[in-house]
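Residue numbers (the numbering used here): 15 to 147.
A short write-up of the structure that comes next.
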């Protein structure tokens, strides 16, 4: 990762702690984990800073996680302009796809394959299988 970019980022967001780690992540409420260098390190760092700026913490329903990820990428795009970082839409969509795929797989009924729905208590329900009981 570009050292000048990293120093500017730390200076612009002194309220957050920046740590090195195995992968890019945000640990609420104030820790940004910076993964190893890769082609889009700066953009990934902006995404994690965006989670912090947006005060993302936890989610109750799984679809909220996808919404949080989308919001963090939107904020990262705003920040990218400020830092002169080029947006890579393919990267963003690939990253969001991991959450879309996770949500799809988690919501799929293991008995019949139908998409289940999640209730606010966090439980998934299959409209087909539950009607058979």
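Just so it is clear, CB atoms sit at the ideal spot from N, CA and C, and this is done for glycine as well.
If I measure Cβ to Cβ from residue 74 and keep anything under 7 Å in the same chain, skipping five residues before and after, which residues do I get?
134, 136
Taking only the alpha-carbon atoms, compute the straight-line gap between residue 54 and residue 142 and give it to the nearest angstrom.
43 Å
Opening and closing residue of the beta strand (DSSP E) in which residue 76 lies
No beta strand (DSSP E) contains residue 76, which is instead part of the alpha helix (DSSP H) from 76-97.
Identify whether residue 48 lies in helix, strand or coil by the three-state DSSP scheme.
strand
Limits of the unbroken alpha helix (DSSP H) element including residue 19
17-26
Just to confirm, is the Cβ distance from residue 90 to residue 121 under 8 Å?
no
Look at the alpha carbon of residue 22 and the alpha carbon of residue 139, and state the distance between them as a whole number of angstroms.
47 Å
Between the region 110-130 and the region 70-87, are three or more C-beta pairs nearer than 8 Å?
yes
Residue 41, enclosing beta strand (DSSP E) - first and last residue
39-41
Have a look at 29, 27, 51 and flag the residue whose alpha-carbon is nearest the alpha-carbon of residue 35.
51
List the residues that DSSP assigns as beta-bridge partners of residue 129.
122
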